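> Chains as they are written, first to last, in the numbering used here: chain A, 9 to 345; chain B, 9 to 345; chain C, 9 to 345; chain D, 9 to 345; chain E, 9 to 345; chain F, 9 to 345.
Okay, handing you the structure first.
Protein chains: 6
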Amino acid sequence: MKVAAFGEVMLRLTPPEFLLLEQARSLRMEYTGTGVNIMSNLAHFEVDSYLVTTLPDNRIGDAARASLRQLGIKDSFIQQKHQHMGTYFAEMGYGMRPTQVTYQNRHSSSFGQTDDKDYDFTELLKTVDLVHICGISLSLTDETRRAAQALAKQAFEQGVKVCFDFNFRPSLNTEKNKVQLMKEQYETILPYCSIVFGSIRDLTDLLKLPVNEQLEKGQQERELIQRFIKHYDLELFAGTKRQQINMVKEMTGLLYTKTQVIESTPKQLNVLDRIGTGDAYAAGLLLGYCENWTLDETVEFATVNAAIAHTIQGDVPLTTKEQIRQIMENPTIDLIR
Amino acid sequence: MKVAAFGEVMLRLTPPEFLLLEQARSLRMEYTGTGVNIMSNLAHFEVDSYLVTTLPDNRIGDAARASLRQLGIKDSFIQQKHQHMGTYFAEMGYGMRPTQVTYQNRHSSSFGQTDDKDYDFTELLKTVDLVHICGISLSLTDETRRAAQALAKQAFEQGVKVCFDFNFRPSLNTEKNKVQLMKEQYETILPYCSIVFGSIRDLTDLLKLPVNEQLEKGQQERELIQRFIKHYDLELFAGTKRQQINMVKEMTGLLYTKTQVIESTPKQLNVLDRIGTGDAYAAGLLLGYCENWTLDETVEFATVNAAIAHTIQGDVPLTTKEQIRQIMENPTIDLIR
Amino acid sequence: MKVAAFGEVMLRLTPPEFLLLEQARSLRMEYTGTGVNIMSNLAHFEVDSYLVTTLPDNRIGDAARASLRQLGIKDSFIQQKHQHMGTYFAEMGYGMRPTQVTYQNRHSSSFGQTDDKDYDFTELLKTVDLVHICGISLSLTDETRRAAQALAKQAFEQGVKVCFDFNFRPSLNTEKNKVQLMKEQYETILPYCSIVFGSIRDLTDLLKLPVNEQLEKGQQERELIQRFIKHYDLELFAGTKRQQINMVKEMTGLLYTKTQVIESTPKQLNVLDRIGTGDAYAAGLLLGYCENWTLDETVEFATVNAAIAHTIQGDVPLTTKEQIRQIMENPTIDLIR
Amino acid sequence: MKVAAFGEVMLRLTPPEFLLLEQARSLRMEYTGTGVNIMSNLAHFEVDSYLVTTLPDNRIGDAARASLRQLGIKDSFIQQKHQHMGTYFAEMGYGMRPTQVTYQNRHSSSFGQTDDKDYDFTELLKTVDLVHICGISLSLTDETRRAAQALAKQAFEQGVKVCFDFNFRPSLNTEKNKVQLMKEQYETILPYCSIVFGSIRDLTDLLKLPVNEQLEKGQQERELIQRFIKHYDLELFAGTKRQQINMVKEMTGLLYTKTQVIESTPKQLNVLDRIGTGDAYAAGLLLGYCENWTLDETVEFATVNAAIAHTIQGDVPLTTKEQIRQIMENPTIDLIR
Amino acid sequence: MKVAAFGEVMLRLTPPEFLLLEQARSLRMEYTGTGVNIMSNLAHFEVDSYLVTTLPDNRIGDAARASLRQLGIKDSFIQQKHQHMGTYFAEMGYGMRPTQVTYQNRHSSSFGQTDDKDYDFTELLKTVDLVHICGISLSLTDETRRAAQALAKQAFEQGVKVCFDFNFRPSLNTEKNKVQLMKEQYETILPYCSIVFGSIRDLTDLLKLPVNEQLEKGQQERELIQRFIKHYDLELFAGTKRQQINMVKEMTGLLYTKTQVIESTPKQLNVLDRIGTGDAYAAGLLLGYCENWTLDETVEFATVNAAIAHTIQGDVPLTTKEQIRQIMENPTIDLIR
Amino acid sequence: MKVAAFGEVMLRLTPPEFLLLEQARSLRMEYTGTGVNIMSNLAHFEVDSYLVTTLPDNRIGDAARASLRQLGIKDSFIQQKHQHMGTYFAEMGYGMRPTQVTYQNRHSSSFGQTDDKDYDFTELLKTVDLVHICGISLSLTDETRRAAQALAKQAFEQGVKVCFDFNFRPSLNTEKNKVQLMKEQYETILPYCSIVFGSIRDLTDLLKLPVNEQLEKGQQERELIQRFIKHYDLELFAGTKRQQINMVKEMTGLLYTKTQVIESTPKQLNVLDRIGTGDAYAAGLLLGYCENWTLDETVEFATVNAAIAHTIQGDVPLTTKEQIRQIMENPTIDLIR
């Protein structure tokens with residue numbers, strides 16, 4: 009199975025050694041984004057992985073493209089136009105101090121200024137079997153909205169599976185009209201999708217789906233999600249759950265089909281870098297999907313993969329199948345030689 | 009309210025990545041000191057903050073002064089004389105390995121060689137409403153002793169509040185006569201003070217105040233401290249309490265008035281850098297004082313501020329009001345974007 | 009004399025050790041801009057220096073502002089609005105390999121989105137005696153154009169000297185209409201100015217001033233510049249001349265009044281960092297102007313200052329008067345202790 | 009007492025800040041090995057310590073030798089021949105992600121190519137009172153096997169104590185014949201030994217010693233080890249035990265004589281660098297042995313030493329007696345000044 | 009035209025900032041080799057470029073492969089076997105201090121242990137139009153000798169052009185028999201070649217070709233090289249000439265056909281990193297060959313490319329066509345924006 | 009021959025990449041001093057070399073001592089007392105910008121507070137054949153003056169050669185009385201010396217020796233120096249001469265005996281680090297002396313050694329005999345492999 013992701017590449021700039029921006033005189037640089045993270049992880053899992061994006065046509069765009077190849081991503085559907093790349097600063101948290109992300113202008117980025125007319129989706133969809141689309145594209149600009157919708161529709165029509173990640177950030181969509189626009193955008197794209205990543209809040213707050221209050225509390229969430237799955241005829245709906253008791257953090261993987269709910273064992277977390285861990289969960293899940301694993305095996309693998317992603321610097325999960333399996337089998341081994 | 013601190017600026021040199029001095033070939037440099045720490049934190053809290061000190065009249069003094077401005081401290085009461093700056097090396101601890109501080113000569117520093125005749129306290133006390141004096145000045149040299157006492161007396165006389173931090177280190181005052189001298193110095197300065205930072209041990213071991221043994225254990229500490237507050241007619245006496253159970257560390261903030269005792273909820277600690285966290289508590293407390301918050305609000309804020317200071321590299325707490333409030337309201341959020 | 013500069017603050021990101029972007033995984037960060045460079049250098053020369061600009065209202069804006077204070081610039085006329093800071097990457101050249109600058113979006117920057125209505129120029133012009141305006145503001149956006157023109161006009165009316173730097177980059181103004189617009193903009197601002205930095209090409213190519221071909225070659229440049237000076241009733245027009253013979257580079261400082269031409273002795277250059285060296289020339293010149301030096305002394309100092317700026321990392325010239333004078337007097341001393 | 013270790017020096021290359029090899033563009037370098045680790049730690053404990061090894065006769069060999077001297081090791085029995093040094097990469101683990109070691113060719117190393125005929129053991133054994141031999145030498149090459157056996161035999165004959173560390177890694181000895189060869193090698197060297205570091209698995213799996221199944225479970229381990237001690241007439245047999253409950257790791261030190269078993273209190277571990285911590289236990293134990301401490305004192309010290317070694321970057325434990333004693337006495341002090 | 013290179017990938021380890029190995033505690037890492045250098049440069053020139061090599065089947069091999077992709081090299085003919093990668097340390101020279109290279113074991117490397125039976129040359133030769141073979145493969149091991157000879161022969165038979173680089177280092181082939189063996193190896197491979205990189209010394213000292221002493225001095229070199237070209241029916245023979253007068257270094261590019269000699273204008277050199285500059289000359293030359301440029305244009309471009317390669321850190325020339333052309337046209341521009 | 013140096017060890021702190029103190033957030037650390045530099049270089053030349061000094065009795069003293077061993081210096085005559093080490097900051101110059109050294113308090117250093125009564129010179133002088141004393145010890149404190157004089161006298165009496173380096177810095181001895189005191193100190197120590205490093209200015213300005221004006225200019229210097237040599241019955245008087253023409257710097261080595269003057273060929277200089285290069289000249293000269301080379305060979309070697317020291321980071325010349333000889337024989341080779 010060959011896969012592609014449509015999405016933005018951003019330059020992430022991180023002060024070293026948990027320093028704050030004010031304290032730093034140097035920054036670690038890397039190129040990230042939901043699509044980058046998932047495709048790179050799948051490439052490390054030995055799946056042929058493409059990114060469909062627009063990078064600046066200058067030296068920073070060249071450097072980004074080189075970096076994507078290094079991550080294992082095939083660059084044949086990447087184009088270079090315009091001059092700007094979205095950028096963010098990540099001040100790494102420690103203990104109870106949260107990681108703080110500060111974005112620089114993303115709307116004017118090469119990706120943000122490019123719409124469907126500039127991409128050759130037809131050729132892409134002849135090449136791959138599944139395409140991942142990140143919901144951020146629906147929030148970003150009119151151009152990216154048009155491109156994402158066109159890609160989903162065309163993929164659906166050509167029989168290529170669409171995997172969609174809600175990734176809805178209320179904080180980025182505070183204007184009143186924007187929320188209504190977003191609801192319509194999501195409702196437009198969902199009929200083309202087979203796999204969706206999201207949470208119960210996405211269904212209630214964004215799509216305004218009602219909870220069935222006659223069910224007992226414990227059943228409401230499942231009923232709503234499965235109602236949603238059936239409505240859009242999805243194969244899978246997936247997400248994670250996070251808890252914290254005192255200083256101990258835990259995450260649990262979740263996977264829904266029309267009829268089943270699979271929940272991983274909870275994993276305790278040591279956090280070196282919190283960003284991109286959701287993408288690691290998605291990559292693990294898509295690996296199981298691509299390779300026809302059982303749902304149980306898939307969820308367990310994806311959850312360990314996400315837990316390990318918390319221990320790797322940067323957004324991009326660089327885990328291999330062998331490494332995750334080794335940790336699943338010997339969770340207390342702390343030195344391999 | 010405008011505030012100033014009188015105190016030494018030191019050059020702190022720290023091996024990167026928890027390395028020992030023996031292992032290091034490079035050092036991170038920063039400029040610190042109790043006064044620097046508190047004033048910088050207050051400046052980050054949007055209080056007008058001055059430092060009153062003497063820096064070397066050479067390139068390292070210039071660099072230090074530039075750094076203080078970067079930290080938000082106003083440099084109009086800083087003078088540059090002589091050629092030497094006190095220095096210390098901090099080998100950062102990890103887990104059960106303690107942080108190890110090694111001092112280089114502080115007595116010969118520009119600050120250590122300068123007494124009250126070289127400062128223009130009159131102008132200073134026209135400008136600010138509160139002045140913070142660190143007890144280290146009483147231990148350091150005859151010159152700094154004279155300067156600190158003169159400043160406290162003059163502030164008292166001009167109606168500027170004096171905040172005094174005991175900061176008495178028995179290890180720095182081991183000679184017999186020295187302890188007697190120190191007792192006299194502290195007794196001389198205390199009548200000029202309104203706010204004092206210290207601990208019960210400072211009262212018993214340094215000032216030789218007797219515990220009332222007729223009270224039950226749990227009441228002795230409170231009675232002694234409030235007796236001390238009344239004796240010197242203080243507004244506030246503040247400190248912190250640290251506990252460790254197995255590997256879990258906790259701190260609790262304390263604040264006494266003549267009639268009240270306020271204790272914060274205990275905060276678990278993740279320690280990235282232990283140094284300067286007491287100064288963060290002081291800064292939080294002075295903020296509440298300057299802005300007339302309730303005592304409860306003040307102690308809770310100051311304690312969270314101190315807990316967060318443990319997660320920031322370097323002595324200087326660089327927290328903002330917004331950041332501390334966000335953590336107080338959402339203590340489990342680990343990623344802000 | 010107190011001075012201010014109106015201009016953009018940019019984040020400069022530089023790979024270490026002459027690496028290319030493709031090779032780098034970390035970047036040195038600093039905050040620069042024509043105004044920053046000149047004001048910081050003047051502050052190092054002990055002139056009271058302000059920057060008038062708009063920084064993002066977020067953590068990168070806070071860090072930039074802190075950095076400006078460290079550089080010696082007073083921040084009382086800096087405001088923070090919007091969310092974006094102009095950024096550029098500098099791949100440092102070596103020998104015959106040129107330094108390569110790549111800009112990220114500047115039009116959407118906080119500075120680029122802010123016009124005269126958001127600044128309190130009246131208060132500013134009560135405080136300072138001279139204001140420096142960089143021509144880039146005329147090219148950048150409609151907002152910055154309006155702000156620059158308003159400031160120049162108001163300064164002129166309030167009797168504050170205006171110093172203007174052409175800084176016209178043909179490469180940034182390639183559209184046909186743009187060039188005409190620029191010509192008008194420059195013609196609008198010049199009547200308010202007393203000191204102008206530029207080159208003969210600015211007069212011929214941008215302002216379309218004709219050379220007097222009847223003069224002999226060697227006299228044409230002088231005649232044109234002095235005709236320009238008289239037309240706009242300037243006090244000073246200044247610039248530099250660069251030559252390269254084999255691998256040896258040289259620069260010469262030039263200064264014109266209505267009646268005089270002063271030329272420095274040529275200085276050989278060792279280039280560590282090429283960027284910002286023109287600003288060092290400007291700063292040296294403004295220092296002489298502020299302190300009423302002779303024109304000869306001024307040009308010689310400014311030229312040495314610019315030559316030394318080539319040997320300092322970063323845009324910002326951090327030289328002191330003492331340092332430049334020492335080099336002027338002992339040009340072959342290579343170790344001071 | 010003077011001590012020596014016979015063993016390989018390796019170049020360890022570690023990506024900074026927990027990065028993976030793929031992410032790194034720089035590596036921290038240091039020179040390590042079981043012998044290096046133990047001798048350096050003993051030198052820090054003020055024991056005269058020598059290393060007996062062969063380094064490359066080139067600039068990397070020179071740099072290694074310089075580093076060993078810095079670590080406190082005397083280099084008078086180090087020779088330089090051939091051109092190659094064994095190398096390994098250590099990708100530092102974090103939380104549940106294990107540390108990953110990747111070896112480069114060790115068989116062709118200068119040490120691996122050198123046998124007993126090239127060493128002057130006679131002179132060595134006149135100088136020292138105890139010699140430590142690492143079991144890796146028996147696995148590495150025919151040359152190192154011959155050298156290790158010759159040294160043990162000759163030490164035994166000259167009355168110099170032999171301390172031997174099993175250090176048997178099944179993964180390095182997977183071929184069938186190899187295991188039989190190893191068994192014979194270990195059986196040949198053991199009669200010359202007085203102190204042995206190992207585990208129960210070494211006795212059962214490598215030496216094929218039978219457990220006495222008639223004893224109750226809790227007694228079997230002790231009986232087997234003491235049977236082994238008596239068989240080879242050892243003074244001491246030592247090792248450690250590791251447990252993990254949830255995310256909490258613990259280690260316990262163990263020491264056996266013919267008649268006694270001493271077990272330390274368990275120590276919770278914070279792991280910064282897992283490698284070389286067993287060598288820290290050995291160094292602590294040898295210190296107690298050299299200085300005739302009680303067995304209880306020895307085991308407790310050695311275990312704390314090993315626990316602290318987990319908190320120090322690199323293989324080499326750089327602890328001092330004073331530091332370990334301070335931690336034993338005040339385990340909760342986290343800042344020393 | 010598509011090209012491939014057959015050759016070893018080495019790990020280069022370089023102390024930062026011109027430090028010596030003894031002074032360094034960190035090393036910059038990169039993956040290099042003649043084939044890597046030429047293919048990466050051609051990829052930057054937009055030629056499809058493949059490397060044919062064997063990397064270790066472990067994490068360092070994975071990291072190397074990722075790095076090659078980043079450099080623009082296609083990895084479809086790279087295999088991973090065995091466990092070892094050749095390594096070298098480069099202590100960077102400065103001024104009159106030469107760069108010092110220290111090799112670690114290359115004979116045992118994955119590349120060194122792999123012969124022709126492990127490569128699929130047939131598939132390769134269907135894909136590419138030209139294959140580059142480095143003479144080092146003939147010196148390294150029996151396995152690499154067999155592989156290189158087999159590849160050259162098969163390419164010749166399948167009509168794929170062979171480009172061969174003498175790269176004979178007398179210092180690596182000091183044994184008497186070795187020189188004879190090498191002569192035979194070179195004589196075996198040359199009949200398959202179309203393009204050869206070498207020097208006059210390779211012809212006289214290695215191949216023992218006699219100079220025609222009856223010609224005048226200035227003609228001897230040309231006559232011998234063209235005799236050699238005709239003997240082996242080559243299209244091109246190329247090399248460079250280096251001079252140094254006082255501290256000024258210069259290089260000149262040379263290119264011979266059966267009938268012509270083309271010599272570039274000499275280029276003065278500023279040396280940041282001397283290694284790999286010959287490969288930059290080769291890459292420039294192959295670009296002209298692939299794109300059918302005139303010989304004059306080709307030599308000039310290749311020589312500037314080699315000169316610029318001296319100003320780039322690392323072995324790998326990362327120049328682009330646009331960049332070299334810009335420097336050729338404006339050799340004194342030192343800042344591009 | 010075995011040698012020792014008596015002198016101070018200082019901590020040198022250097023901003024990386026030619027940054028200024030103001031720009032730096034990290035510093036490279038190393039341990040230097042005239043004695044360190046010369047002894048380390050001699051150790052690299054395979055001469056047994058000792059340092060006689062006093063280091064702080066704390067962790068920075070321990071780290072310094074470890075570093076000295078790494079440099080090849082034997083530490084058996086090093087003692088550790090008091091708590092302070094002299095420190096200096098070196099802002100590295102570039103091109104015409106001079107290197108700027110800023111000292112921190114040296115008078116209070118462990119070395120500065122220790123006099124002859126604390127050293128065991130008797131044991132030292134049984135061990136070594138030559139002792140080097142740096143003139144700085146005569147300027148520093150009363151304690152170091154007493155120690156240096158006592159050592160010189162005792163060495164002379166025990167037949168150990170004394171080598172003395174004027175190292176008189178007028179800038180450190182500006183008070184009037186100080187110059188007279190210094191004159192007496194130098195006159196006291198010189199009768200014990202065999203080898204002296206200095207310049208003509210030391211003889212005229214410090215010792216007030218008159219030039220013989222009746223000689224022609226070119227002869228005056230030689231006559232004065234040889235008069236001085238005869239007066240104090242020296243074996244050798246040595247120094248260097250520096251010239252600069254435009255940007256080209258040159259140095260020439262000089263050596264005088266009672267009857268001869270030897271002058272090296274002039275060496276052009278590329279300066280990476282200017283500090284400690286005079287010590288490299290001294291080390292080269294002492295090597296020739298220890299090994300009984302001809303004077304011509306000695307001066308040439310010492311001068312190349314000093315020229316190369318300009319190209320090595322840090323004070324300490326880390327050259328080897330092999331390296332210097334290679335450069336002397338092949339001065340234009342820029343890559344060794």
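Glycine included, each C-beta is placed from N, C-alpha and C at the ideal position.
Quick caveat: nothing in here was measured; it's all calculated off a predicted structure.
Are Asp124 of chain B and Ala158 of chain B closer than 8 Å when you measure CB to CB?
Yes, these two residues count as a Cβ contact at 8 Å.
> Which of the residues in the stretch 104-137 of chain E, read from start to end, lie with their CB under 9 Å from any CB of chain G?
Although the question refers to chain G, the structure presented lacks it and instead comprises the protein chains A, B, C, D, E and F.
> By the three-class DSSP mapping on this structure, what secondary structure does His318 of chain A have?
In the structure shown, His318 of chain A adopts coil according to DSSP, grouped into three states.
> Count the C-beta pairs between the stretch 103-121 of chain A and the stretch 287-301 of chain A that are closer than 8 Å, then say yes if the count reaches three, no if not.
no
> So, using beta-carbon positions, are Thr319 of chain E and Gly103 of chain C closer together than 8 Å?
Result yes, Cβ atoms of Thr319 of chain E and Gly103 of chain C sit closer than 8 Å.
> The alpha helix (DSSP H) with Cys298 of chain E in it runs from where to where?
In the DSSP annotation of this structure, the continuous segment of the alpha helix (DSSP H) that includes Cys298 of chain E starts and ends at 285-298.
> What separation, rounded to the nearest whole angstrom, lies between the Cα atoms of Ile341 of chain C and Lys257 of chain F?
11 Å
> For Gly167 of chain F, go through chain C and note every residue whose CB falls closer than 8 Å to its CB, in chain order.
What Gly167 of chain F touches in chain C: nothing, since even the nearest Cβ is about 36 Å away.
> Compute the Euclidean distance between the alpha carbons of Leu215 of chain E and Glu195 of chain E, then round it to the nearest angstrom.
8 Å
> On the three-state DSSP scale, how would you describe Gln276 of chain C?
Gln276 of chain C falls in the strand class under three-state DSSP.
> Whether or not the stretch 167-177 of chain A and the stretch 250-268 of chain A are in contact is what I'm after, with contact meaning three or more pairs of Cβ atoms, one per stretch, closer than 8 Å; do they touch?
no
> Taking C-alpha atoms, which residue in F:Ala163, F:Leu28, F:Leu50, F:Asp213 lies nearest to Thr328 of chain F?
F:Leu50
> Does DSSP put Lys216 of chain A in a helix, a strand or coil?
In the three-state DSSP reduction, Lys216 of chain A falls in the coil class, being neither helix nor strand.
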